[in-house]
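To start, the structure under review is shown below, and the notes come after it.
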Amino acid sequence: MISKITPSVQAAISDIKDGATVMIGGFGRAGQPVELIEALIAQGAKDLTVINNNAGNGSTGLAALVGAKRIKKIICSFPRQVDSYLFDDLYTKGEIELELVPQGNLAERIRAAGAGIGAFYTPTGYGTSLAEGKEAREIVGRNYILEYPIHADFALISAFKADRLGNLIYRKTARNFGPIMATAAKISIVQVDHIVKLGELNPEEVVTPGIYIDRVVQVTERVWMKDGKFIGTTKENL
Amino acid sequence: MLNSINREDIAQYIAKDIPEGSYVNLGIGAPTLVANYLPKDSEIILHTENGMLGMGPTPPPDQIDPDLINAGKLPVTEVDGAAYFHHADSFAMMRGGHLDICILGAFQVSIYGDLANWNTGGEKDIPAVGGAMDLAIGAKKVFVMMDLFTKDKKSKLVEACTYPLTSIGSVSRVYSDMAVFEISKNGTKIIECFAGNTPAAIALATGLNFI
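Residue numbers (numbering that gives the first Met the number 0), protein chains in the order written: chain A, 0 to 237; chain B, 0 to 210.
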């Protein structure tokens with residue numbers, strides 16, 4: 000019997016070693032696998048290369064990993080935010096390396112890695128400083144630059160429901176980078192609100208097929224949810 | 000001396016130029032104001048880069064769902080007929096030319112349609128590009144919403160951008176607080192002057208040649 004269910008977030012991330020390349024899902028806080036990140040901070044792996052859209056918000060989750068100085072290099076599209084002070088500080092001191100990638104190229108480079116594409120020509124960024132040093136080519140009257148896939152050792156993502164095979168469904172805009180990161184890493188680890196019995200997920204609605212997922216771990220339901228239903232929020236529980 | 004209209008008025012003016020049935024992306028900041036003026040009786044579908052079509056207005060405080068946010072990471076709602084998708088699909092939608100209009104802010108726009116809106120190039124500035132470059136090359140029409148002059152009275156519509164570029168030749172219209180400009184291969188034309196301004200006064204103040 001196949002079961003990808005892992006007993007704890009600690010067990011799920013225990014083999015992430017110093018120097019690993021780790022994709023972390025989420026757009027801002029939506030879809031961020033906060034419990035997996037907290038376990039990774041406690042585990043102690045350092046000199047990580049992290050791929051995310053941002054460089055952390057506030058002082059929790061990815062921002063805490065930045066603040067704990069575990070990241071050598073971050074690959075992202077939008078590090079500068081009103082509440083990205085932990086990254087801003089390290090970047091200003093030259094203690095963290097940044098590879099800035101336009102968001103669509105970032106997403107497509109991740110997708111390409113998962114789909115076995117060697118490289119691709121994209122119009123995004125042509126003629127800008129972010130295309131410096133990249134091969135450019137005109138194809139049928141339009142200008143493109145060559146971009147390479149981004150592979151990772153691990154992907155840490157968050158989804159709404161999983162079964163023991165790792166089939167996933169997501170919730171609203173928390174889906175964002177999850178489905179593509181799941182395909183692009185050697186080991187893909189997902190934290191979910193609910194693990195359901197095999198057969199309970201409608202096959203027509205599965206977003207990430209289980210073939211991409213290696214480990215599933217259930218975490219406490221988010222505070223704005225109860226028994227899988229949105230119950231609203233108050234300022235206190237956000 | 001040129002006169003200007005306020006941002007709400009610019010947003011209202013842009014909203015009436017968006018045809019029924021359009022798929023539209025509103026950039027972070029001032030362009031999001033346009034959503035408030037879209038005609039209630041026409042169906043216009045809003046795209047948000049973090050994976051949604053059919054974005055609705057801000058929810059009341061007790062209905063804020065942290066799993067439902069826009070590109071500016073602010074809470075939004077879903078309208079009937081909304082759809083969610085992952086990031087690679089969201090940007091394929093842009094790059095593949097499926098969006099009709101995107102509305103972006105800008106530091107500078109050249110009269111040849113070059114856009115600079117992601118980085119002022121300052122040594123101490125932390126660069127952040129987000130989805131700006133993808134939107135600028137992907138949407139069928141790129142509208143820019145900006146003040147015509149900086150606080151220190153420099154024209155933001157220029158012969159050539161001095162800030163780092165976002166895209167080349169992709170802007171189709173500039174909606175400013177003083178006038179509206181249409182950019183084509185032949186040059187830039189003033190198509191509307193606001194608050195009693197004249198084309199001659201705009202040309203004089205910006206130092207640009209219009210067609």
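From the three backbone atoms N, C-alpha and C, an ideal C-beta is built for every residue, glycine too.
A quick note: this is a predicted structure, and the numbers were derived from the prediction, not measured.
Check                                                                                                                                   : Outcome
Straight-line gap, Ile182 of chain B to Val108 of chain B (C-alpha atoms, nearest Å)                                                    : 10 Å
Within the region 58-137 of chain B, ranges of the beta strand (DSSP E) (whole runs, at least 3 residues)                               : 76-83, 100-103, 107-109
Under 8 Å between C-beta atoms of Thr76 of chain B and Pro56 of chain B                                                                 : yes
Interface residues of the region 31-61 of chain B facing chain A [CB-CB below 8 Å]                                                      : Thr47, Glu48, Asn49, Gly50, Met51, Pro60, Asp61
Secondary structure of Phe209 of chain B, DSSP reduced to three states                                                                  : coil
Alpha-carbon to alpha-carbon, Arg94 of chain B and Ile136 of chain B                                                                    : 7 Å
Beta-carbon gap between Asn53 of chain A and Gln80 of chain A smaller than 8 Å                                                          : yes
Short CB-CB distance (under 8 Å) between Phe229 of chain A and chain B                                                                  : yes
Within-8 Å CB hit, Val157 of chain B to chain A                                                                                         : no
Cutoff 7 Å; reference Glu98 of chain A; Cβ partners in own chain excluding five residues on either side                                 : Lys72, Ile74
Secondary structure of Thr182 of chain A, DSSP reduced to three states                                                                  : helix
Nearest-angstrom Cα separation, counted from Ile210 of chain B out to Ile201 of chain B                                                 : 13 Å
Proximal residues, the region 113-136 of chain B versus chain A, C-beta separation under 9 Å                                            : Asp113, Trp117, Asn118, Gly120, Lys123, Asp124, Ile125, Pro126, Ala127, Val128, Gly129, Gly130, Ala131, Met132, Asp133, Leu134, Ala135, Ile136
Straight-line gap, Tyr211 of chain B to Val157 of chain B (C-alpha atoms, nearest Å)                                                    : The shown model of chain B, from 0 to 210, leaves out residue 211 of chain B, and the question about it has no answer.
Cross-chain neighbours of Gly124 of chain A in chain B, by beta carbon under 7 Å                                                        : Met132
Run of the beta strand (DSSP E) containing Val33 of chain A, from where it starts to where it stops                                     : Taken as a continuous stretch (DSSP letters only), Val33 of chain A belongs to no beta strand (DSSP E), being part of the alpha helix (DSSP H) at 33-42.
Helix, strand or coil at Gly126 of chain A [DSSP, three-state]                                                                          : coil
Bridge-paired residues (DSSP) for Phe229 of chain A                                                                                     : A:Met224
Three-state secondary structure assigned by DSSP to Lys39 of chain B                                                                    : coil
C-beta neighbour in chain A for Leu67 of chain B, strict 8 Å                                                                            : yes
CB of Ile230 of chain A within 8 Å of CB of Asp213 of chain A, strictly                                                                 : no
Helix, strand or coil at Leu147 of chain B according to DSSP, with G and I counted as helix                                             : coil
Beta-carbon contacts of Thr207 of chain A that lie in its chain and below 6 Å, excluding the five residues immediately before and after : Leu167, Pro178, Ala181
Contained beta strand (DSSP E) runs [length at least 3] in the region 152-220 of chain A, N- to C-terminal order                        : 184-194, 214-217
Residue nearest to Ala151 of chain A in terms of C-alpha spacing, selected from A:Asp17, A:Gly18, A:Met22, A:Lys225                     : A:Met22
Neighbourhood of Gly96 of chain B by C-beta, 7 Å cutoff - its chain only, sequence neighbours within 5 removed                          : Gly137, Lys139
Chain B contacts made by the region 64-91 of chain A, where a contact means CB separation under 9 Å                                     : Cys75, Ser76, Phe77, Pro78, Arg79, Gln80, Ser83, Phe86, Asp87, Tyr90, Thr91
Residues from the region 92-105 of chain A in contact with chain B, defined by Cβ distance under 7 Å                                    : Leu99, Pro101, Gln102, Gly103
Alpha carbon of Gly53 of chain B to alpha carbon of Leu203 of chain B, nearest angstrom                                                 : 43 Å
Beta bridge counterpart(s) of Ile49 of chain A as assigned by DSSP                                                                      : It should be noted that the sequence gives Val, not Ile, for residue 49 of chain A. Val49 of chain A is bridged to A:Val21, A:Ile73.
Pro178 of chain A: contacting residues in chain B (beta-carbon distance under 7 Å)                                                      : His85
C-alpha distance - Val49 of chain A paired with Ala38 of chain A, whole-angstrom precision                                              : 15 Å
Local Cβ density within 10 Å of Asn2 of chain B, reported as buried at 16 or more and exposed below that                                : exposed
Short CB-CB distance (under 8 Å) between Met222 of chain B and chain A                                                                  : Residue 222 of chain B falls outside the range modelled here, since chain B spans only 0 to 210, and no answer is possible.
The region 5-39 of chain A: positions lying closer than 8 Å to chain B by Cβ                                                            : Phe26, Gly27, Arg28, Ala29, Gly30
Nearest-angstrom beta carbon gap, Ile63 of chain B and Thr172 of chain A [assumed within contact, 8 Å]                                  : Actually they do not touch by this definition, with Cβ atoms about 13 Å apart.
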